[in-house]
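Input: a single structure, listed below in structure tokens.
Numbering (our numbering), first residue to last: 922 to 1126.
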């Protein structure tokens, strides 16, 4: 996800996944999810996609073993922005084949067709400050069951309105919740309460 920070020279090359080391860390009760993990095709070279998939499977298996939800980072290639999204389709295929746990799609940036596939599989969708300054995801926010949405900031990036131009911070998540309520035409307190309950359910807290 470093590419989101504007590091134009960054290229995702995958990593060697040390299962035992991460399992030891993941056993801590302070660890509530396994992530961010998934597939990032935004600046990746074609040759790294197979490595990313192999590592993602191992990360899914770790979540299964620890019985902890997955926090997914999925980013389509730049040229596929706006369509069903190869990275989303590839990730969902791997999840269906290997995942015994559910979780959340962090910083969801797909269309409604893609969203429905993850919702039907039981994953929540998480939105950032992006929804305060673009209408690209209004359809997904409106049509998704409120019980399947989460809010986040992805700080220090994508600072929401009215704080654009500043470094993002966690307290600004209220603006994301406000945007979700406005897009859906629902009461702010009702939305805020349900999103909190969703987080407690998904992350077992």
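From the three backbone atoms N, C-alpha and C, an ideal C-beta is built for every residue, glycine too.
Inter-residue Cα distance where the pair is residue 970 and residue 1110: 42 Å
Proximity of residue 978 and residue 1027 at Cβ, strictly below 7 Å: no
Endpoints, alpha helix (DSSP H) assigned at residue 947: 940–947
Residue 967, DSSP secondary structure in three states: helix
Coil, strand or helix - residue 1035 by DSSP: helix
Alpha-carbon spacing of residue 966 relative to residue 972, whole angstroms: If you take the alpha carbons of residue 966 and residue 972, they lie about 11 Å apart.
Reduced DSSP secondary structure (H/G/I, E/B, other) of residue 1080: coil
Contacts around residue 1023, its chain only, beta-carbon distance under 7 Å, and the 5 residues preceding and following it disregarded: 990, 1043, 1044
Rounded separation between residue 992 and residue 1071 - CA only: Spanning the two alpha carbons is a distance of roughly 12 Å.
DSSP state of residue 1019 mapped onto helix, strand, coil: helix
Supposed close pair residue 1047, residue 1074 - CB separation, criterion 8 Å: Not really, about 10 Å apart at Cβ, beyond 8 Å.
Spatial distance of residue 1057 from residue 1063 (CA atoms): 12 Å
Minimum C-alpha distance to residue 962 - residue among 994, 986, 987: Among 994, 986, 987, the Cα nearest to that of residue 962 is on 994.
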